[in-house]
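Chemist: Residue numbers (our numbering): 99 to 407.
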Amino acid sequence: MNSNNTNELLSNITEKYEKMSKGQKLLAKYITENYDKAVFLTAAKLGKTVGVSESTVVRFATQLGYDGYPGFQKALEELVRNKLNSIQRMEVAYGRIAQSEILETVLQSDIEKIKMTLAGIEQEAFDLAVETMLQAKHIYIVGIRSCAPLANFLGFYLNLIFDNVTLVNTNSASEIFEQLIRIGGEDVIIGISFPRYSMRTLKALEFASNRKAKVITLTDSVHSPMNLYSSCNLIARSDMASIVDSLVAPLSVINALVVALCMKKQKEVISTLGTLEEIWNEYQVYSGDELNPVNDKMSLNRVERKEDE
């Protein structure tokens, strides 16, 4: 069943409610009122919470048209994805994880996100993103709030590879459009956004698309609103339900993009890095605060100041 409409599940429940058994009606009522909690329950736990058997829960999912409980739970996830606020997400996360298990649970969750991203991302889309950036007259990058570090990271390395990169300052909507005023058909914009999705990022992509620029998105789902204007979708999983977003998988995709671009422009990158090394040495950029290993011990290089005589 297609769940690209977040109201589809609830509409489906309402439509089939009259034909449901007594137990299924109890499930329908609980899910309609508590879908933000139901999404984290197994079939057995959901049944126990409502007061019906696990088999009733499975039949309920099947009657709604899903391929068993996992398919139904996936639809619930899509419904909840944009509905939980930060406080609710934190309550859910810390209610499910014991304090002593947080480190292992979070790291294991991040590992799973990378595995799921690897299994789901399209190589063709990745290759298209690389080629599009290589051919672009100008590259713009936009990422807001928790996605800003991703945008900054990508912008830092793209600036070592290209001389035509703009990391869009996103303090206000007006600033965004002012910086994109010259974007055109030969340019590309990379929009990074994960739930809860940023309207400012979406508007920036819409503006760029209207100006005939190519649009690359890095987001969490094919159903993300960011994909409305994109010609190339890079999907990375980031759906950890807590106060912080898991950005490990998106960062891995960005790392892969940077490596792929470096391989395509090896000569330019080597030349740029060589020039930077000369500049760093000339202006003693790192000599004042760089830690260097010497004889298996760490020594701190300092620029000695000549004392006044």
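Yeah, the Cβ is synthetic: ideal placement off N, Cα and C, and Gly gets one too.
Note that the structure is a prediction, hence the values are computed from the model and not measured.
Using alpha carbons as the reference points, say which of 268, 316, 163 lies closest to residue 328.
Modeler: 316
Chemist: Let me know if residue 355 comes out buried or exposed under the rule of 16 or more other beta-carbons within 10 Å of its beta-carbon.
Modeler: By the 10 Å Cβ count, residue 355 comes out buried.
Chemist: Where in the region 304-372 do unbroken runs of the beta strand (DSSP E), each at least 3 residues long, occur, reported from the N-terminal end onward?
Modeler: 312-317, 330-333
Chemist: Where does residue 266 fall in DSSP's three states?
Modeler: coil
Chemist: Scan the region 209-281 and note each continuous alpha helix (DSSP H) run of 4 residues or more that stays entirely inside, going in chain order.
Modeler: 221-233, 246-259, 271-277
Chemist: Are residue 162 and residue 170 close, meaning C-beta to C-beta below 8 Å?
Modeler: yes
Chemist: Tell me the DSSP bridge mates of residue 289?
Modeler: Residue 289 pairs with 240, 315.
Chemist: Can you check the region 122-152 for any alpha helix (DSSP H) of at least 4 residues that lies completely inside it and give the ranges in chain order?
Modeler: For the region 122-152, whole alpha helix (DSSP H) runs of length 4 or above, ordered along the chain, are 141-148.
Chemist: Between the alpha carbons of residue 273 and residue 347, how many angstroms are there, rounded?
Modeler: 29 Å
Chemist: Can you tell me where the alpha helix (DSSP H) holding residue 175 begins and where it ends?
Modeler: 166-178
Chemist: Does residue 335 pass the burial test, meaning 16 or more other C-beta atoms within 10 Å, or should it be called exposed?
Modeler: buried
Chemist: Going by beta-carbon coordinates alone, are residue 313 and residue 333 separated by less than 8 Å?
Modeler: no
Chemist: Would residue 237 and residue 268 be called neighbours here (beta carbons separated by less than 8 Å)?
Modeler: no
Chemist: What is the rounded straight-line gap between the Cα of residue 144 and the Cα of residue 303?
Modeler: 40 Å
Chemist: Mind the definition here: the region 280-288 touches the region 217-235 only if three or more C-beta pairs lie below 8 Å; say whether that holds.
Modeler: yes
Chemist: Determine the contact status of residue 345 and residue 248, defining contact as a CB-CB distance below 8 Å.
Modeler: yes
Chemist: For residue 115, does the three-state DSSP call read helix, strand or coil?
Modeler: helix
Chemist: Compare the Cα-Cα distances from residue 235 to each of 368, 310, 106, 152 and report the closest residue.
Modeler: 310
Chemist: Give the straight-line distance between the Cα atoms of residue 126 and residue 256, rounded to the nearest whole angstrom.
Modeler: 50 Å
Chemist: Quick one, which of 142, 141, 158 has its alpha-carbon nearest residue 117's?
Modeler: 158
Chemist: Would you tell me roughly how many angstroms separate the C-alpha atoms of residue 114 and residue 218, rounded to the nearest one?
Modeler: Looking at the two C-alpha atoms, the distance is approximately 32 Å.
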